[in-house]
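Numbered according to the working numbering, the sequence shown spans residues 14 to 232.
Just so you know, even glycine gets a beta-carbon here, dropped at the ideal spot from N, CA and C.
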Amino acid sequence: MAHAYTPGLKVTRATIVKKERRLPLPGNVLVKKGDRVKAEDIVARTELPGNVQPINVAGLLSIPPEDVPAVMLKKEGEHVKKGEPIAQSKSFFGLFKSNVTAPVDGYIENISNVTGQVILREPPIPVEINAYIDGEVVDIIENEGVIVQTKASFVQGIFGIGGERIGVIHALAKDPDEEVTEDKITEDLKGKIIIGGSFVTAEALRKAARVGACGIVVG
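Okay, structure coming up:
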């Protein structure tokens with residue numbers, strides 16, 4: 014069959030590979046320059062702001078927006094649990110009460126006497142980045158990440174689907190023209206990066222996912 018090759022792609026048996034591992038927001042770098050790391054090691058950590066939940070307290074309690082601060086049971090900055098009352102109004106000489114409860118865990122970020130809305134911020138979302146490759150931390154990006162260096166074989170692909178994966182390489186194909194078919198995917202490929210030949214079938218991809226293979230490289 015015909016072979017496709019994109020000029021400019023790098024293929025080398027041995028080279029120095031440097032990988033920059035950077036957080037999306039400033040955070041904490043957990044390693045030092047000169048440290049040896051494994052691919053799975055967490056090298057930096059941060060937290061993304063949680064999702065915002067607007068609550069129309071004025072509308073729910075049928076009160077004017079300017080009255081909202083007076084009926085709040087929680088102040089700005091206070092943490093709340095899902096289902097916990099955050100506002101309460103009284104009617105008919107205090108005999109009947111109406112409550113507004115928190116739809117999710119979080120904290121009160123803002124109480125507006127203009128819109129009558131209360132902004133509830135959900136808990137922060139933790140974000141961690143790993144080293145991605147075994148190697149040495151050769152530089153620290155302050156509050157953001159690291160640069161990891163290693164000696165490796167390097168094959169540059171055209172495109173990838175599914176995000177970053179780490180696993181033990183397993184050469185499945187014996188010939189560059191060989192296709193990876195469903196019958197060649199076995200249970201012992203769990204945790205492996207499968208190196209195939211020219212093509213992988215859809216059935217083989219689905220079975221590889223079922224057995225827990227980490228990835229497939231073909232072409």
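Inset, instruction - Please list the segments of the beta strand (DSSP E) lying wholly inside the stretch 41-96, counting only runs of 3 or more residues, in order along the chain. - result: 55-61, 65-69
Inset, instruction - Compare the Cα-Cα distances from residue 86 to each of 172, 95, 100, 93 and report the closest residue. - result: Your numbering for residue 86 matches position 73 in the sequence shown. Ranking the options by Cα distance to residue 86, first place goes to 100.
Legend entry - Option nearest residue 231 by Cα separation, candidates 182, 102, 178, 209: By one-based count along the sequence shown, residue 231 stands at place 218. The residue with the shortest Cα to Cα distance from residue 231 is 209.
Inset, instruction - Tell me residue 114's beta-bridge partners as DSSP assigns them. - result: The residue given as residue 114 occupies position 101 in the sequence shown. In the DSSP output, where bridge partners are listed per residue, residue 114 has 98.
Inset, instruction - Go to residue 222, then tell me how far its alpha helix (DSSP H) extends in each direction, as first and last residue. - result: Working through the sequence shown from its first residue, we reach residue 222 at position 209. 215-224 is the extent of the alpha helix (DSSP H) around residue 222.
Legend entry - Close-in-space but distant-in-sequence residues of the same chain around residue 27 (CB under 7 Å, 5 per side omitted): On the sequence shown, position 14 is the one that residue 27 refers to. Correct list, in chain order: 164, 166.
Legend entry - residue 190 (DSSP reduced to helix, strand or coil): Translated into positions along the sequence shown, residue 190 becomes position 177. Note: residue 190 maps to coil in three-state DSSP.
Legend entry - Own chain residues within Cβ distance below 8 Å of residue 84, not counting five before or after: Locating residue 84 in the sequence shown gives position 71, counting from the first residue. Hits under 8 Å: 70, 74, 76, 100, 101, 102.
Inset, instruction - Could you tell me the boundaries of the beta strand (DSSP E) in which residue 197 lies? - result: What you label residue 197 is simply residue 184 of the sequence shown in a count that begins at 1. Careful: residue 197 lies outside any beta strand (DSSP E) and carries neither H nor E.
Inset, instruction - Identify, in the order they occur along the chain, each residue of the same chain with its Cβ nearer than 6 Å to the Cβ of residue 123, setting aside the five sequence neighbours on each side. - result: As a first step, residue 123 is located in the sequence shown; it is residue number 110 there, counting from the start. Exclusion of the five residues before and after residue 123 leaves 132 as the residues of its chain whose Cβ lies within less than 6 Å of its Cβ.
Inset, instruction - Could you tell me whether the Cβ atoms of residue 184 and residue 54 are closer together than 8 Å? - result: Numbered from its first residue, the sequence shown carries residue 184 at position 171. Numbered from its first residue, the sequence shown carries residue 54 at position 41. No, Cβ-Cβ distance for residue 184 and residue 54 is not below 8 Å.
Inset, instruction - Identify whether residue 202 lies in helix, strand or coil by the three-state DSSP scheme. - result: On the sequence shown, position 189 is the one that residue 202 refers to. Of the three classes helix, strand and coil, the one that applies to residue 202 here is helix, per DSSP.
Legend entry - Spatially closest choice to residue 130 from 201, 161, 222, 80, by CA coordinates: Residue mapping note: residue 130 aligns to position 117 of the sequence shown, counting from 1. Answer by Cα proximity: 80.
Inset, instruction - State yes or no: is the C-beta of residue 153 within less than 8 Å of the C-beta of residue 180? - result: Within the sequence shown, numbered from 1, the residue matching residue 153 stands at position 140. Within the sequence shown, numbered from 1, the residue matching residue 180 stands at position 167. Taking 8 Å as the Cβ cut-off, residue 153 and residue 180 do not qualify as a contacting pair.
Inset, instruction - With DSSP as the reference, label residue 10 as helix, strand or coil. - result: Residue 10 lies beyond the stretch modelled for the chain, which goes from 14 to 232, so this question has no answer here.
Inset, instruction - State the DSSP-derived secondary structure class of residue 168, mapped to helix, strand or coil. - result: On the sequence shown, residue 168 is found 155 positions in, with the first residue counted as 1. Note: residue 168 maps to strand in three-state DSSP.
Legend entry - Residue nearest to residue 47 in terms of C-alpha spacing, selected from 215, 200, 161: Start at 1 with the first residue of the sequence shown, and residue 47 comes out as number 34. It is 161.
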